[in-house]
Amino acid sequence: MCNWPRNRNYPKTTVKSSFNKNSKCITLFSLYYFNDFAAFKFIDNKTNYDKLFPNINQPKILVSRKNGFWFIQDEIVSLDKAIEILLNEPAVFVKRATDCGGASGVFFVENKTEEQFRKDFLEKVKKIPTDIAVQKLVVQHQKIANLNPDSVNTI
11 MCNWPRNRNY
21 PKTTVKSSFN
31 KNSKCITLFS
41 LYYFNDFAAF
51 KFIDNKTNYD
61 KLFPNINQPK
71 ILVSRKNGFW
81 FIQDEIVSLD
91 KAIEILLNEP
101 AVFVKRATDC
111 GGASGVFFVE
121 NKTEEQFRKD
131 FLEKVKKIPT
141 DIAVQKLVVQ
151 HQKIANLNPD
161 SVNTI
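Heads up: take any position in the sequence shown, counting from 1, add 10, and you land on the numbering used here.
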């Protein structure tokens with residue numbers, strides 16, 4: 011059994027390793043001691059990407075919900091104001107901002123009519139209990155889209 015420092019909150023996880031018991035203990039200790047897992051929640055939140063990685067080309071976040079508040083950039087707005095901004099787009103992606111991957115928690119909302127958009131948007135938002143990033147639609151070059159036209163492809 012490893013003796014962990016008591017001043018940190020370590021995530022509950024298992025690590026499979028071919029090392030012996032002592033090596034495994036050192037590996038786990040190093041992993042948790044030298045990494046601030048509490049900071050991961052901030053770093054892994056899509057609503058923070060534009061501030062953390064300003065020089066990286068990424069989908070534009072039109073509006074976001076953080077801790078229950080709606081934002082346009084850094085300004086708190088009402089849900090109605092957020093929807094008003096989104097109505098200017100032909101379609102948007104509503105994404106769970108944390109604890110997601112592999113397209114889980116991602117919804118496509120098309121803007122056919124204002125009434126239908128509001129209904130669809132609110133339906134998707136209710137499915138996401140955490141922070142949300144609403145992103146502008148990304149249109150890729152047709153040659154890359156030929157690989158798989160139903161998703162954005164990266165190389």
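Backbone N, C-alpha and C fix where the C-beta goes; we use that ideal spot for every residue, glycine too.
*Roughly how many angstroms lie between the CA atoms of K134 and Q145, to the nearest whole one?*
Taking the straight line joining both Cα atoms gives about 14 Å.
*Determine the extent of the beta strand (DSSP E) in which L72 is found, giving its start and end residues.*
L72 -> beta strand (DSSP E) spans I71 to K76.
*Please work out which residues of its chain come closer than 7 Å, Cβ to Cβ, to R75, disregarding the five sequence neighbours upstream and downstream, and give them in chain order.*
Answer for R75: D141 and I142, listed in chain order.
*Pull up the distance between the alpha-carbon of E99 and that of D46, whole angstroms please.*
Roughly 38 Å separates the two Cα atoms.
*Under the assumption that A101 contacts L132 (Cβ atoms under 8 Å), give the Cβ distance between them as a whole number of angstroms.*
That pair is no contact at about 16 Å.
*Determine the DSSP secondary structure at F117, reduced to helix, strand or coil.*
Three-state DSSP puts F117 in a strand.
_Beta-carbon proximity of R128 to I82, cut-off 7 Å_ = 7 Å or more divides the Cβ of R128 from the Cβ of I82.
_With H, G and I counted as helix, E and B as strand and the rest as coil, what does DSSP make of Q83?_
Under the three-state reduction of DSSP output, Q83 falls in the coil class, being neither helix nor strand.
_Suppose the cutoff is 7 Å on Cβ atoms and the five residues either side in sequence are ignored; what does the same chain contact list for I95 look like?_
Closer than 7 Å at the Cβ level, and outside the excluded window around I95, lie L72, V73 and I82.
*Compare the C-alpha of V149 against each of L89, K91 and F103 and name the closest.*
Of L89, K91 and F103, the residue nearest in Cα terms is F103.
*Helix, strand or coil at A8 [DSSP, three-state]*: Not covered by the structure: residue 8. The range shown for the chain is 11 to 165.
*Just the Cα atoms here: how many angstroms apart are Q68 and A107?*
Note on geometry: alpha-carbon atoms of Q68 and A107 lie some 14 Å from one another.
*Straight-line Cα distance separating K91 from F79*: Rounded to whole angstroms, F79 to K91 spans 12 Å at the Cα level.
*Note down, one range per segment and in chain order, each alpha helix (DSSP H) of at least 4 residues found wholly within the segment 130-164.*
Counting only runs of 4+ residues, the alpha helix (DSSP H) found wholly inside the segment 130-164 occupies 152-155, in chain order.
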